[in-house]
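S.K.: In this note's numbering, the protein residues as written are 3 to 103.
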């Protein structure tokens with residue numbers, strides 16, 4: 003899986019998350035801030051693993067956003083794991099299609 007990590011500042015948490023994702027088998031690219039409106043992007047700001055699971059399951063979110071300031075390293079890893087382990091709920095396809103219009 004290819005994952006782009008965008009960060010306005012490179013911190014120890016950033017490096018830890020990138021290392022964690024690589025150990026999980028992801029091909030990670032580190033970038034500066036990734037923002038702006040891009041067709042097909044469904045971003046979710048996640049402060050905990052449960053929110054990450056819900057964003058993937060119910061909204062088929064494909065961009066994960068986390069706060070460097072407010073997210074401890076261990077929680078950031080939990081969020082990444084939940085994000086990677088959770089896929090979209092097929093029952094939500096109609097709702098997701100409405101958002102994409």
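Built from N, CA and C at the ideal position, the CB exists for glycine as well.
Tell me which residues share the same chain as residue 59 and place their Cβ nearer than 7 Å to its Cβ, disregarding the 5 neighbours each side in the sequence.
M.R.: As a working note, residue 59 is residue 57 in the chain shown. Within the same chain, residue 59 has close Cβ partners 88, 90, 91.
S.K.: At a cut of 8 Å, does the segment 63 to 75 reach the segment 8 to 18 through at least three beta carbon pairs?
M.R.: A contact is defined here as three or more CB-CB pairs under 8 Å, and the segment 63 to 75 meets this definition with respect to the segment 8 to 18.
S.K.: Tell me the rounded alpha-carbon separation between residue 85 and residue 100.
M.R.: Taking the chain shown and counting its residues from 1, one reaches residue 85 at position 83. Taking the chain shown and counting its residues from 1, one reaches residue 100 at position 98. The alpha-carbon atoms of residue 85 and residue 100 are separated by roughly 23 Å.
S.K.: Report yes if the C-beta distance between residue 46 and residue 63 is below 7 Å; otherwise report no.
M.R.: Residue numbering aside, residue 46 sits at position 44 when the chain shown is read from its first letter. Residue numbering aside, residue 63 sits at position 61 when the chain shown is read from its first letter. In this structure, residue 63 lies closer than 7 Å to residue 46 by Cβ.
S.K.: How long is the line joining the alpha carbons of residue 55 and residue 98, rounded to whole angstroms?
M.R.: In the chain shown, counting from the first residue as 1, residue 55 sits at position 53. In the chain shown, counting from the first residue as 1, residue 98 sits at position 96. Those two C-alpha atoms are separated by around 16 Å.
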